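Input: a single structure, listed below in structure tokens.
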Amino acid sequence: MPSEYINKYKISIVSLNVLLNGVSYRETDVSNKWFYEEMAKSSEIPKSSQPSIEDVYSCMEELVKDGHDVVGIFLSSDMSGTFSTSNLVKEMILEAYPNANIVCLDSRSNCMQAGFAVLEAAKAASSGKSLDEVVDIANNVINNSKFIFVPDTLEYLKKGGRIGGAAALFGSLLQIRPILTVEDGKTTVFTKVRTKKKSIDKIVLTILEQNKKSPIKGLISSSYKL
1 MPSEYINKYK ISIVSLNVLL NGVSYRETDV SNKWFYEEMA KSSEIPKSSQ
51 PSIEDVYSCM EELVKDGHDV VGIFLSSDMS GTFSTSNLVK EMILEAYPNA
101 NIVCLDSRSN CMQAGFAVLE AAKAASSGKS LDEVVDIANN VINNSKFIFV
151 PDTLEYLKKG GRIGGAAALF GSLLQIRPIL TVEDGKTTVF TKVRTKKKSI
201 DKIVLTILEQ NKKSPIKGLI SSSYKL
């Protein structure tokens with residue numbers, strides 16, 4: 001989520017933790033550029049962990065004490081335990097503040113697909129929409145959005161155990177480019193093509209085809225060159 005939107009709409013963030021080269025970092029404390037550069041140097045794949053109960057509680061409590069309703073939108077529950085933790089914290093907050101209004105939503109995704117739900121919900125809240133309206137808007141984005149992406153290398157899929165070493169080797173030799181997406185909260189293969197150019201062409205074609213069905217809002221993003 002770009003910082004200008006976070007600041008403009010006063011979005012509260014509970015940071016994940018990233019373990020890289022034996023050192024734990026808060027996700028919000030490091031830049032994407034630094035992270036990708038360090039990841040390229042490392043022989044180990046980075047690992048992430050969900051926020052602590054204390055961090056989630058502190059964030060929610062501060063908002064409730066300031067008189068705000070809370071709509072929390074979290075990583076897919078199939079990818080992280082953060083959504084489960086948020087519901088546990090919600091019950092803890094309600095015990096201490098019985099009149100609080102808190103809704104926790106499972107984005108069923110990650111990255112800016114979840115980010116778009118957060119952004120549209122924040123815009124709605126900023127414009128004076130009710131809690132129910134904000135939740136409906138967030139759910140509409142969650143249910144009507146998806147992202148597709150192509151990794152520039154199979155190396156990290158191999159390190160993460162998603163494909164075997166032989167598959168990574170032959171995939172690289174044949175220039176196979178898996179195009180990935182998220183379906184029902186889990187990362188899955190959208191399709192496979194050969195060469196980077198064809199993968200980009202396929203993504204563009206998919207966007208154009210989808211746009212014929214209904215106008216789309218989109219974000220085009222690329223990681224730093226590794």
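The sequence shown lines up with residues 1 to 226 when you count with UniProt numbering.
Beta carbons: idealized from backbone N, C-alpha and C, even for Gly.
These figures come from a predicted structure and were not determined experimentally.
- Taking a contact as a CB-CB distance under 8 Å, the pair Val14 and Pro51 counts as one, their CB atoms being some 5 Å apart.
- A distance of 8 Å or more separates the beta carbons of Ile148 and Leu105.
- Residue range 23 to 26 is occupied by the beta strand (DSSP E) that includes Tyr25.
- Comparing C-alpha distances from Phe83 to each of Met112, Val189, Lys197, Gly185 shows the shortest one belongs to Gly185.
- For Ile142, the enclosing alpha helix (DSSP H) has its first and last residue at 131 to 143.
- For Glu62, the uninterrupted alpha helix (DSSP H) run begins and ends at 53 to 65, by DSSP.
- In the DSSP assignment, Thr181 forms a beta bridge with Ile148, Thr188.
- Residue nearest to Leu16 within the set Leu75, Glu44, Ile6 is Leu75 (criterion: CA-CA distance).
- With contacts defined as CB atoms closer than 8 Å, Val71 and Val135 qualify as a contacting pair.
- The bridge partners DSSP lists for Phe74 are Asp106.
- Around the beta carbon of Arg177, 16 or more other beta carbons lie within 10 angstroms, which makes this residue buried.
- In its chain, beyond the 5 residues on either side, Val18 have a beta carbon closer than 6 Å to the beta carbon of Tyr25.
- In the displayed model, Ile176 falls within a strand according to three-state DSSP.
- Ala117 sits away from Ala100, with the two beta carbons spaced by 8 Å or more.
- In this structure Tyr9 touches Ser126 by the C-beta definition: roughly 5 Å separates them, less than 8 Å.
- In the DSSP assignment, Ser199 falls outside any beta strand (DSSP E) and lies within the alpha helix (DSSP H) extending over 196 to 213.
- Excluding sequence positions up to five before and after Ser77, its CB lies within less than 7 Å of the CB of Phe83, Ser84, Asp106, Gly185, all in the same chain and listed in chain order.
- Residue pairing by DSSP places Ser49 opposite Asn17 in a beta bridge.
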